[in-house]
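In what follows, a structure is listed as structure tokens, so that the remarks can point back to it.
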Amino acid sequence: MSIVKKYNVKIISIERRSENVYTLEFRSMEKPFVFEAGQFLHLAIDNADFTEQWPESRCFSIQSSPNDENIRITYSVKGQFTVRMKKELTVGKKITLKLPYGELFTRYHNKSNTVFIAGGTGITPYLSLFNDISFASYINPTLYAGFQNEKMNFYINELHLAKTINPGLNVIFIYQDKQGIIDINTILKSSKKDCSFFISGPPLMIKSFKQFFIFNGVPENKIITDDWD
744 MSIVKKYNVK IISIERRSEN VYTLEFRSME KPFVFEAGQF LHLAIDNADF
794 TEQWPESRCF SIQSSPNDEN IRITYSVKGQ FTVRMKKELT VGKKITLKLP
844 YGELFTRYHN KSNTVFIAGG TGITPYLSLF NDISFASYIN PTLYAGFQNE
894 KMNFYINELH LAKTINPGLN VIFIYQDKQG IIDINTILKS SKKDCSFFIS
944 GPPLMIKSFK QFFIFNGVPE NKIITDDWD
């Protein structure tokens, strides 16, 4: 099990991807980051005195691969905490992170014909794996990534890198304004019988897709969700 540590970090870049989606990059001011692909962190805006109670924080999937020096996250502005992030976080600001949490890809799963389903920023924990050399061990994986429109797909470069690590990766984009929402029935019919399914995205999407799979006979241990939020 990973040991959770607190990191004093500096924000070294903020990229506005759309009106309400931002990518942040953090550099550790002390020890190197230690985490595994698919894990997540807690971010605190207020000063975190290590002798006192941990301040209000939120969870965010780590987008970077474990070999990257810095950590990136991408978040949507939804709710009071992320509104504060948009207003108060600036390049050069020092904040505190706690990480790592989660065991998304350390849970047992079939690495042959694995299916990854993502809605919006739910793709980020997958990128942590896809851009790591360990992704080469997957055989014929498929990613179904749904976005509101093509402009909301900010991840082309990272997926190009993933294809260099694992040329067998099949990427299927679904743009809601052109094709509608992700068709989970089509995904199930197109998938191999014994494959594992990963689901990451909005909580309602995760819940409904998991229920659909179970109702249609997929064993629950073949369905792995990123539903810490």
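My numbering puts the first residue of the sequence shown at 744, with every later residue one more than the last.
Beta carbons: idealized from backbone N, C-alpha and C, even for Gly.
From Leu767, Thr867, Pro946, residue whose alpha carbon lies closest to that of Asn699: Summary: the structure shown does not reach residue 699, with the chain confined to residues 744 through 972, and so no result is reported for it.
Own chain, CB closer than 6 Å to Ile816, minus 5 neighbours either side, in chain order: Reading the sequence shown from its first residue, position 73 is the one you call residue 816. By the criterion of a C-beta distance shorter than 6 Å, Ile816 is surrounded in its chain by Leu767, Phe803, Gln806, once the five residues flanking it on both sides are discounted.
Kindly indicate which residue of Ala861, Pro798, Trp797 has the alpha-carbon position closest to the one of Asp969. As a position in the sequence shown, residue 969 is number 226, starting the count at 1. Checked all of Ala861, Pro798, Trp797; the closest Cα to Asp969 is Ala861.
Among the residues of its own chain, which have a CB less than 8 Å from the CB of Lys836, if the five just before and after it don't count? Walking along the sequence shown from the start, residue 836 turns up at place 93. Cβ within range, chain order: Lys753, Ile754.
Do Arg770 and Ile813 have their beta-carbon atoms positioned less than 9 Å apart in this structure? Residue 813 sits at position 70 when you count from the first residue of the sequence shown. Residue 770 sits at position 27 when you count from the first residue of the sequence shown. Note that residue 813 is Asn in the sequence shown here, rather than Ile. Taking 9 Å as the Cβ cut-off, Asn813 and Arg770 qualify as a contacting pair.
Reduced DSSP category for Tyr869 - H, G, I as helix; E, B as strand; rest coil: Here residue 869 is taken as the residue at index 126 of the sequence shown, counted from 1. In this structure, Tyr869 counts as helix in the three-state DSSP scheme.
Grab me the residues of Phe878's own chain with a C-beta within less than 7 Å of its C-beta, minus the 5 sequence neighbours each way, in chain order. On the sequence shown, position 135 is the one that residue 878 refers to. Here the set comprises Leu872, Ala905, Ile908, Asn909.
If we ignore side chains and look at the alpha-carbon of each, how far apart do Ile788 and Ser761 end up? By 1-based counting over the sequence shown, the position of residue 788 is 45. By 1-based counting over the sequence shown, the position of residue 761 is 18. Using only the alpha carbons, I get a separation of about 22 Å.
Which same chain residues, not among the five before or five after Glu831, have their C-beta less than 7 Å away from its C-beta? Counting from 1 along the sequence shown, the entry for residue 831 is found at position 88. The answer, listed in chain order, is Ile788.
Can you tell me whether Asp972 is helix, strand or coil according to DSSP? Along the sequence shown, one-based indexing puts residue 972 at 229. The pLDDT assigned to Asp972 is 49, lower than 50, so where the model puts this residue is not dependable, and the model offers no usable value.
What's the gap between the Cα of Thr885 and the Cα of Leu912? The residue given as residue 885 occupies position 142 in the sequence shown. The residue given as residue 912 occupies position 169 in the sequence shown. It is roughly 6 Å from the alpha-carbon of Thr885 to the alpha-carbon of Leu912.
Who are the near neighbours of Lys853 in its chain, counting only those whose CB is closer than 8 Å to its CB and skipping five residues on each side? On the sequence shown, residue 853 is found 110 positions in, with the first residue counted as 1. The sequence given here places Asn at residue 853; Lys does not occur at that position. Counting only Cβ-Cβ distances below 8 Å, and skipping sequence neighbours, we find Asp937, Cys938, Ser939, Lys965.
Neighbourhood of Lys841 by C-beta, 8 Å cutoff - its chain only, sequence neighbours within 5 removed: As a position in the sequence shown, residue 841 is number 98, starting the count at 1. For Lys841, where only same-chain residues beyond five positions count, the Cβ hits under 8 Å are Val747, Lys748, Lys749, Tyr750, Leu784, His785, Ala787, Trp797, Ser800.
When you compare only the Cα positions, how much space is there between Ile915 and Ile899? Position 172 of the sequence shown holds residue 915. Position 156 of the sequence shown holds residue 899. So the alpha carbons of these two residues sit roughly 12 Å apart.
Let's test the definition: count the other Cβ atoms within 10 Å of the Cβ of Gly822 and tell me whether it reaches 16, buried, or not, exposed. Within the sequence shown, residue 822 is the residue found at index 79, counting from 1. Exposed.
Put Phe859 into one of helix, strand or coil per three-state DSSP. Here residue 859 refers to the residue found at position 116 of the sequence shown. Phe859 falls in the strand class under three-state DSSP.
Alpha carbon to alpha carbon, how far is Asn892 from Gly923? In the sequence shown, the residue the question calls residue 892 occupies position 149. In the sequence shown, the residue the question calls residue 923 occupies position 180. Rounded to whole angstroms, Asn892 to Gly923 spans 10 Å at the Cα level.
Tell me which same chain residues have a C-beta within less than 8 Å of the C-beta of Val820, skipping the five on either side of it? Numbered from 1 along the sequence shown, position 77 holds the residue referred to as residue 820. So the qualifying residues of the chain are Asn763, Val764, Tyr765, Val826, Met828, Lys829.
Excluding the five sequence neighbours on either side, which residues of its own chain have a C-beta within less than 6 Å of the C-beta of Pro843, listed in chain order? One-based indexing of the sequence shown puts residue 843 at position 100. Only Ser745, Phe778, Gln782 meet the Cβ criterion.
Quick one: grab the DSSP three-state call for Ala879. Translated into the one-based positions of the sequence shown, residue 879 becomes position 136. Note: Ala879 maps to helix in three-state DSSP.
Residues near Arg759 by beta carbon distance below 6 Å, same chain, minus five either side: Along the sequence shown, read from residue 1 onward, the residue named residue 759 stands at position 16. Cβ-Cβ distances below 6 Å link Arg759 to Tyr765 in the same chain, with the five nearest sequence neighbours on each side left out; the list follows chain order.
Starting from the Cα of Asp875, find the closest Cα among Ser855, Glu901, Ile757, Gly889 and give me that residue. Reading the sequence shown from its first residue, position 132 is the one you call residue 875. Comparing Cα positions, the closest option is Glu901.
In three-state DSSP terms, what is Pro961? To locate residue 961, count along the sequence shown from 1; it is residue 218. Checking the displayed sequence, the identity of residue 961 turns out to be Val instead of Pro. Note: Val961 maps to coil in three-state DSSP.
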